[in-house]
Each structure stands twice: as C-alpha cells, then as structure tokens.
Amino acid sequence: MAIVTLLTDSGESDHYVAAIKARIISINPGIRIEDISHKIKPNDIAHAAFVLRSVFRDFPKGTVHIVGVDSVGSRNDMPIAVQLEDHFFVGSDNGLIGLISDKTHQNLIVLNSINSIQTTFPERDIFAPVAVKIASGVSLSDLGKPMPSFKKMIDRQVKATKKQITGCVIRVDSFGNLITNIPKDAFEILNQGRVFTIQFGGEKFRRIQTQYNQAEEGECFIVFNSLNVLEIGIYKGNASELLGLSYDSVVNVTFEE
Amino acid sequence: MAIVTLLTDSGESDHYVAAIKARIISINPGIRIEDISHKIKPNDIAHAAFVLRSVFRDFPKGTVHIVGVDSVGSRNDMPIAVQLEDHFFVGSDNGLIGLISDKTHQNLIVLNSINSIQTTFPERDIFAPVAVKIASGVSLSDLGKPMPSFKKMIDRQVKATKKQITGCVIRVDSFGNLITNIPKDAFEILNQGRVFTIQFGGEKFRRIQTQYNQAEEGECFIVFNSLNVLEIGIYKGNASELLGLSYDSVVNVTFEE
Amino acid sequence: MAIVTLLTDSGESDHYVAAIKARIISINPGIRIEDISHKIKPNDIAHAAFVLRSVFRDFPKGTVHIVGVDSVGSRNDMPIAVQLEDHFFVGSDNGLIGLISDKTHQNLIVLNSINSIQTTFPERDIFAPVAVKIASGVSLSDLGKPMPSFKKMIDRQVKATKKQITGCVIRVDSFGNLITNIPKDAFEILNQGRVFTIQFGGEKFRRIQTQYNQAEEGECFIVFNSLNVLEIGIYKGNASELLGLSYDSVVNVTFEE
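Protein chains in written order, with this note's numbering: chain H, 115 to 371; chain Z, 115 to 371; chain S, 115 to 371.
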C-alpha cells in the first residue's frame, strides 16, 4: 500500500496535524503516514513548493502527498488530485502543485461532490479521505472529473546569457544557508573553464567549493548542494544573518572571456 | 491493538519525547504511537485541554491518550486512568482531563503502587507503561483502585440570554485565528432569523461567512469552524496580531428584536 | 529488524528530515524509524551529545542511531560506525559520539568508499543507507575498515573533594530547568549525613527535594532527576530566565564537618 505524506502550515501547537492523521487511521489503519513538514510559513506557497519539490522524488513512486498549505484557496480554487512524475498530489488548485515540476502531468481531476464537502478543514475532511482512497488503489477517474490543466504560477526564473547567470535566493534554511535557483548544469555549460565571479550582497568570490568544510570557520562557502543548485553559507555560521541576505536576494555569476 | 497518543509540553529539543516512545517500544513494539502535540505551552492546562478536546474523538474508540502536561501535578494529585467516551486517558489528576468532556466517565482508577513509582519523569515511568497495558487489553481494575471522581475545574462559560451570547477567545492558533467558545447550535437556537451584531475588540460585524475565503485578503472573516464554534480571523493575515486580541478576549453576539 | 533513530540539527521547516526518512523507506520499508530530535541547535555538539546520551539506552539493544549533527565535520573527520554499549551509531567522527559514553567501544569502522560517497548531504546519502544495512543485519566489518579509536573531546568535568563538589549546568531544557553534571552517587558518597549547602547564582539552599512539587509555586526546587543528576528549577516557572543562569553556570555543593 502506498505511503501518504503530509505537508502543511498548521504548526504543531494545535490539533490540526493529529486530526488529519486520526482521519487517515480511522479510514485505513494500514496506511503508512510520513510527515514532510508542518512548519511551512502560514500560506507561504513558495516555501511549501520549495520543500515539496526538493523531496517528493525521494519517496517511492506511487506515494500520495497531501498538500495542505492555503488549502481553502481562493474562491475559485477547486480541490484537485494530480498524478505527476508517478506521484500523486491532493490539494487545492491554488498554484502550489504547479510549482513543483516542469513535467507534464499524467492525470488530473477535480474532486467530485462525493469527495469534496463543504468544510473549513479540507486537509482532514477532503484531502485525507481522497489520499487514502488513492493509496488504497482507487483510480483517479473514480474520484472526480478530468480537468485539462491546473493553475501554474510563474516562478522566479534564472536568466542566463553567455556572459552571466542571474539568479536569486529561493530559500533560507534553518542554518541560514542561502539556497539559490542557479542550477549546476547551467553553470557547467556556460563555465567552459573560464574565470568566473560570483557576486551577492557586497561580496565577490572566484571559487566554488565541493564541501562545506573547505571554508574556514566564519567564512563563506559556495557549493553546488544535494539539489544541484548553488548554495551559499558561512561555515559554522548563519549566512543570512551575517550577510544580510534573504529570499529574493540577487546572486550573479559572471564569466570572463 | 489500540493506538497510544502522546500530548506533552516537553518541547522537541530534549530527550523527553524520545524517552517516552522508547519506553513504549521496549515494553511492546507492536503498539502504534501517534503524537498529538509536544508543543503545549509549559504547564498550560487550558491549551492542552483545548487541543485534546478538539481531536481525541477523531481517533478510534479504545485509543489510549497519554496526557503529559503538568504530569507531576500538585502535591495531592494522584496518577489516574480514566475511561471516557470510549477512550482512555492516563495522566495526573490535575484537572486537565476534567476539561475535555462534559460526559460522565465510564471508569476511573487511581494507579496502584505497582504502577505508580516515585519518579520525576512520570510520563515515561508511570503513564507509558500503564498506557501500554491498557492498549494491550489489561482491564483498568487490574491497574489500580476505583475512585468516585476526578478533579474538575471550572472552564470559561459562555453566557447566553435571549438578547446576547457572551463568550471569549479560548485559543489563538498558529495562524493567529481566534477560536471562541461560542457554539454554533447556541447561536442558531437564539438567532431565529434576527439581525445580529458580532463584537470583539473595537470591531462590529453583521455577517458570518461559511468559508475563510469569503473575506477579502486582509479583512476579517467570521465562520463556524470544524469544531462548530465561532472563529475569527483575517484572510491571509494574523488576526491576533492585527486586532490585538488574545486568550480571554471577549466576543459578544447581540440579537436585535 | 532493528530500529533506526534520527538525531539532527536540521530543524523541521525544510526537506532534510523527510529526505532522510524517504531514503530509508526506499531502501527498506520494513525499518522502523523513530525521531530523537531535529531541534538540536545548529552544530551544537554539546546539546546533541546531552540528548543522545540521555536517551539512547532507553531504546532496545541493537538500535541504530543516525547522528546527524555537524555531519560534514571538519576536513579530516571521517564517516564512522561505532558499536557501543550494544547500540550502533553512524555519523561523522567529529567528537560527538565520544561524549555519550565512558565505556570502551565494542567495534569501530571508518566507512569504505562504497559506503562513503562525496555529498553535501551525508545524513541522507551516507549515514541512512549504512544505518539500514546495519539494522538489516549487515556486519560492521562488511561496511568499512577497522579503526582503533574515534575522536574524544574533553567534557566538562565535575570536580569533587571531601568538602565540595563543583559542577555546572550542562543543559537548559525547554522548561528552563537547569540540568547539571553533578551525579547523585557522587553526592551520596560525600554527603555522609553532613549538612550541605548548594550554591548557584546568588542563591544558597540546604535541602534537596524528591519531587518538583515539593517547592511552592515560584520557588526553587532542587532534585536528583531521572538521569540521576542534580536538577534545579522553579516550580511552575522558568529557572534559567528567573535566576539568570545558563549553560556552564557553576553549581557548588559544599559539605560542613
């Protein structure tokens, strides 16, 4: 039986997370439930999309991900289920799911009225029961009506020319490390052995390390991380605080001829 | 076998939660353990009771809930096990369990000396072993001596007349939403199609929405939530911060003739 | 099959913890995973060692503990697996594991190149796969090369003479309780029925309680806690805040003739 994961902005000081789990257990106690995070900043779709995008493929194919951020959505947002890269996602059509993959979806339905009831707690009352059904083998076509597409929002784009890559910080993690949207392969294609300068805040660097500990304590490291994007930090320190950089801070890589 | 849930104010930066789980696993690895929350504000019985009251019925009947808030209790508080609404609760007789239900308990014992040892860590050394026994089918009568009643504290009461319901905020959740103790059915009985005014802080409203997104961004919504009580929030905002309201803030509903 | 526990400083707002679990599940979904904590202060080896030392023996023998704090370590720190007190630990040889026990290790290997790949995310890419192997019964000798010893750091030592025990606060928990390194048995050996004075901050006390609630609300309690060390707190209050004491604050026990 498939795993059901949970991603919410509920926090852990209330009953919301336990209520979602209790609902799943009550319907089918054989379902394995795994938390991705419940500490997404309230309503922060960019934060949620970053976390989900970074980890969903690590779970086995067929995993069902409950996406409980901005679950009520705007007035026209419907509750949907999407099959994408061999994973399933159940949530509101609020644009979040559109940010986690560039691939074409394999299947997409809007939940029918049997599965989509009036509630201020859709994660527990709509998404959890549907997730259990999908995890138990029920076909999407039995849960709702096909929809041609779901809401896509325009994510921050990396801009690249022969001379420069311009990206930005898309996530500041709990260590204060600055994770950018500059992909390793874009860098390598353009690098071609040329001298490069990486620029952010008032800082300039001409080296990329392969490991956090190649910088001295208190000094900057720049690596391509496990997500294969450029990451900036301070070894044994908090780069966001020390450099005064945050979400959306610009990062440039300039190549010299 | 029954599920054992955990509710504590231990936080998650120490070894306390893992120690409770390790004790359960060591006695019976077949027991399923589910966290309700470990982020209850230290010793905050009102917070703990709100969370437990809001979710315990979502778990299957027979679930055993370890109630680890103010677990040592005052000098005369005994460790007890209670059967209530077909659920079991193991904790200190400090008044918490008395706040989670108005129903008469089905069974109540004070734990005997075999089950109640001298310890500064009762959640691990007393409640967890007893919870495992109950979850494994041991009868309460084998675990201690019957007690006629357990400590009940007087919870904040909603006051209702034909003209007005006076309640208050009993929980501010992580979104800053203000959850009151004004029940939907009390409102509906008194409403009778009359014009009403809802008043809190300096604000007055004459409408109740059915969904969070029926308010504009930055504006107040008022709904009867999934707990069937009045909840006030700001759509995509933090009502507690923006309105300056918190636990115990008064909320009035006045009906006009 | 053995349990695998997780101890990290990753926090829970990112994808790191879920990525480690997803890796374990993908290799062997039959492994039981239990969190110890993910709220260790970033890179704080003392905090991590305190929590791990305080709880690992509560898990069954054979449990495999992934130690994911300062996982990349310094430039010469190798990824190791240690068998110690019948438990297994997988982490970086950064000194943390050396702080959790005074016993001689039973087995120690540095992971070989099959098991130790180049990565900025060793918890997921190195420690998790090795932990699964050990939990599944693979012998340490098949995972790497024997090493004679691992890094030991000098922990804060209690000093004891016939007249005085000098220790310090080694952990401030989420309640603000001050946990010291003064062991109960050292106290009892030296006490010998003599009058004693316990001194910390500007405070002096001549009594030790056996339970938190033997102090009045707002007043200090001093107990030997469930770890059998001296613990100072304020009943229903936060001792660290109220007394202005913290990690490393000195605590003296003086005996009179």
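Every residue, glycine too, gets a C-beta built ideally from N, C-alpha and C.
query = Given Q278 (chain H), which residues of its chain have a CB within under 8 Å of its CB, disregarding the five upstream and five downstream residues?
reply = N366, V367, T368, F369
key: Complete runs of the beta strand (DSSP E) confined to the region 122-209 of chain S [at least 3 residues]   = 146-151, 178-182, 193-198, 201-206
ask   = Does any residue of chain H bring its CB to less than 7 Å from the CB of S185 (chain S)?
value = no
Reference R285 (chain S); option with closest CA among S:H152, S:I150, S:S168 = S:S168
task = Classify N291 (chain S) as buried or exposed, calling it buried when 16 or more other Cβ atoms lie within 10 Å of its own Cβ.
result = buried
request  = Would you mind telling me which residues of chain H sit closer than 7 Å to K247 (chain S), beta carbon to beta carbon, in chain order?
outcome  = Going along chain H, no residue has its Cβ under 7 Å from K247 (chain S), so there is no contact; the nearest lies around 18 Å.
key: Listed by chain order, chain H residues near E148 (chain Z) by CB distance under 8 Å   = A132, K135, A136, I139
key: Contact set between K350 (chain H) and chain S, taken where Cβ atoms lie within less than 9 Å   = P156, N157, D184
message = Relative to the C-alpha of S215 (chain H), which candidate in H:F164, H:G187, H:V183 has its C-alpha closest?
response = H:F164
inquiry  = Under 7 Å, Cβ to Cβ, is there at least one residue of chain H near K153 (chain Z)?
reply    = yes
inquiry  = Buried or exposed for N226 (chain H), going by 16 or more other Cβ atoms inside 10 Å?
reply    = exposed
task = Starting from V343 (chain Z), trace the beta strand (DSSP E) both ways and give me its first and last residue.
result = 343-348
request  = Would you verify that the beta carbon of H129 (chain Z) is, or is not, closer than 7 Å to some beta carbon of chain S?
outcome  = yes
ask   = Checking contacts by CB at 7 Å: is V272 (chain Z) closer than that to chain H?
value = no
request  = Kindly list, in the order they appear in chain H, the residues whose Cβ is closer than 8 Å to that of F235 (chain S).
outcome  = N339, S340
Identity of the residues DSSP links to L222 (chain Z) by a beta bridge = Z:V196
inquiry  = Using DSSP's beta-bridge definition, name the partner residues of R285 (chain H).
reply    = H:I293
message = Judging by CA-CA distance, which residue of Z:S127, Z:G125, Z:I117, Z:V224 is the nearest neighbour of R171 (chain Z)?
response = Z:I117
Cα-Cα separation between S127 (chain Z) and V186 (chain Z), rounded to whole angstroms = 20 Å
message = For a test of the three-state rule: what should DSSP assign to Q96 (chain S), helix, strand or coil?
response = Here chain S comprises residues numbered 115 to 371, so residue 96 (chain S) is not present and cannot be evaluated.
ask   = Which of the three DSSP states, helix, strand or coil, is assigned to P260 (chain Z)?
value = strand
message = With a threshold of 8 Å, are at least 3 pairs of Cβ atoms found where one atom belongs to the region 261-271 of chain S and the other to the region 187-196 of chain S?
response = yes
key: Contacting residues, own chain, Cβ-Cβ under 6 Å from Q313 (chain S) (five flanking each side not counted)   = N366
key: Under 7 Å by beta carbon: chain S residues contacting V165 (chain H)   = D128, H129
inquiry  = Our contact map puts I182 (chain H) next to S124 (chain H) with C-beta atoms below 8 Å; I'd like the distance itself, whole angstroms only.
reply    = The question names Ile, but residue 182 (chain H) in the sequence shown is Gly. So it is a contact: roughly 7 Å between Cβ atoms.
inquiry  = Here's a check: name, in chain order, each residue in its chain whose Cβ is nearer than 8 Å to the Cβ of K259 (chain S), leaving out the five neighbours to either side.
reply    = I223, V224, N226
message = Would I150 (chain H) and A249 (chain H) qualify as a contact pair, given that the criterion is a beta-carbon distance under 7 Å?
response = no
request  = Would you mind working out which of S:F202, S:S255, S:R270, S:L198 sits nearest A242 (chain S), comparing C-alpha positions?
outcome  = S:F202
query = If D299 (chain Z) sits next to I293 (chain Z), beta carbons under 8 Å apart, how far is it from one beta carbon to the other, in whole angstroms?
reply = Going by Cβ atoms, the distance from D299 (chain Z) to I293 (chain Z) rounds to 16 Å, so no, they are not a contact pair.
key: Interface partners of S188 (chain H) on chain Z, CB under 7 Å   = N327
query = Cα separation between D207 (chain S) and R270 (chain S)?
reply = 20 Å
query = Is any beta-carbon of chain Z found at less than 7 Å from that of F301 (chain S)?
reply = no
task = Compute the Euclidean distance between the alpha carbons of F349 (chain Z) and Q328 (chain H), then round it to the nearest angstrom.
result = The residue you asked about is not Phe; residue 349 (chain Z) is Tyr in the sequence shown. Taking the straight line joining both Cα atoms gives about 46 Å.
Minimum Cβ-Cβ distance from G125 (chain H) to chain Z less than 7 Å = yes
inquiry  = Against chain Z, which members of the region 275-306 of chain S pass a CB distance test of less than 7 Å?
reply    = D287, S288, F289
request  = Would you decide whether G332 (chain Z) is buried or exposed? Buried here means 16 or more other CB atoms lie within 10 Å of its CB.
outcome  = exposed
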